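Just so we're aligned, residue 19 is where the sequence shown starts under this note's numbering, counting upward by one.
Glycine included, each C-beta is placed from N, C-alpha and C at the ideal position.
Predicted model only: the values in this text are computed from it and were never measured.
Structure first, commentary second.
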Amino acid sequence: MLNGNVLIIDDEPSLRHTLTRLIQSAGFQVTALADGQDALSTLEKLTFDLVFLDIHLPGVNGLDILRTIRKVSPQLPVILLTGNATLQSALEAIRLGATDYLLKPIDPEVLVARTRIILQEQALERRRREIEEQITALQAELQALNHTETSALPQSSIPNPEERFIKRGGLI
Numbered sequence: 019m020l021n022g023n024v025l026i027i028d029d030e031p032s033l034r035h036t037l038t039r040l041i042q043s044a045g046f047q048v049t050a051l052a053d054g055q056d057a058l059s060t061l062e063k064l065t066f067d068l069v070f071l072d073i074h075l076p077g078v079n080g081l082d083i084l085r086t087i088r089k090v091s092p093q094l095p096v097i098l099l100t101g102n103a104t105l106q107s108a109l110e111a112i113r114l115g116a117t118d119y120l121l122k123p124i125d126p127e128v129l130v131a132r133t134r135i136i137l138q139e140q141a142l143e144r145r146r147r148e149i150e151e152q153i154t155a156l157q158a159e160l161q162a163l164n165h166t167e168t169s170a171l172p173q174s175s176i177p178n179p180e181e182r183f184i185k186r187g188g189l190i
């Protein structure tokens, strides 16, 4: 089973509660907030694997929050939610690096499926980076061992050809 810490930012209490229940029932941890400013301060303190973000929030625009997230955590997947989709907001979301753009009302199966897919992709990417780091460390260790073996050998243990054979000469 996948692990994942999901942040939901939406000012509609019923939708926030429904999203929370759906994602928790799929086995993920959820933090749900109604306010954009609270979300920004929470993002500074905690680590999340996925963010669901309403575009229209009181006080601060969801796209502004997305800009801030991209500055702080460029790799953090963010799925934008909106009930009033416009071509302009969709294009801006794509330009800012939104992972997806879902229209309200949201199909529960789509929501859970997207959550699983994104968190699985993140887990695979994390594992790939871990393996690359291990390979780099092992290559450095191998080079160090090869250097140690080479420098530990005597410089030349083979005598030159004139010294290799018994010399014949007069017996005394």
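Have a look at the DSSP bridge pairing and note the partners of residue i.
| i | result |
| --- | --- |
| residue 136 | DSSP lists no partner for residue 136. |
| residue 47 | 23 |
| residue 100 | 121 |
| residue 71 | 27 and 98 |
Hey, could you find the ends of the alpha helix (DSSP H) residue i is sitting in?
| i | result |
| --- | --- |
| residue 93 | Where residue 93 is concerned, there is no enclosing alpha helix (DSSP H), given that its DSSP letter is neither H nor E. |
| residue 64 | Careful: residue 64 lies outside any alpha helix (DSSP H) and carries neither H nor E. |
| residue 109 | 105 to 113 |
Return yes when the Cβ of residue j is within less than 8 Å of the Cβ of residue i, no when it is not.
| i | j | result |
| --- | --- | --- |
| residue 101 | residue 75 | no |
| residue 26 | residue 61 | no |
| residue 84 | residue 71 | yes |
| residue 123 | residue 40 | no |
| residue 136 | residue 117 | yes |
| residue 44 | residue 130 | yes |
| residue 73 | residue 81 | yes |
| residue 66 | residue 105 | no |
| residue 12 | residue 149 | Outside the shown range of the chain, which is 19 to 190, sits residue 12, and nothing can be said about it. |
| residue 37 | residue 29 | no |
| residue 133 | residue 24 | yes |
In the DSSP assignment, find the unbroken beta strand (DSSP E) run with residue i in it and report its ends.
| i | result |
| --- | --- |
| residue 120 | 118 to 121 |
Would you mind working out which of the options sits nearest residue i, comparing C-alpha positions?
| i | options | result |
| --- | --- | --- |
| residue 42 | 22, 59, 56 and 29 | 22 |
| residue 91 | 68, 79 and 120 | 68 |
| residue 46 | 143, 160, 142 and 138 | 138 |
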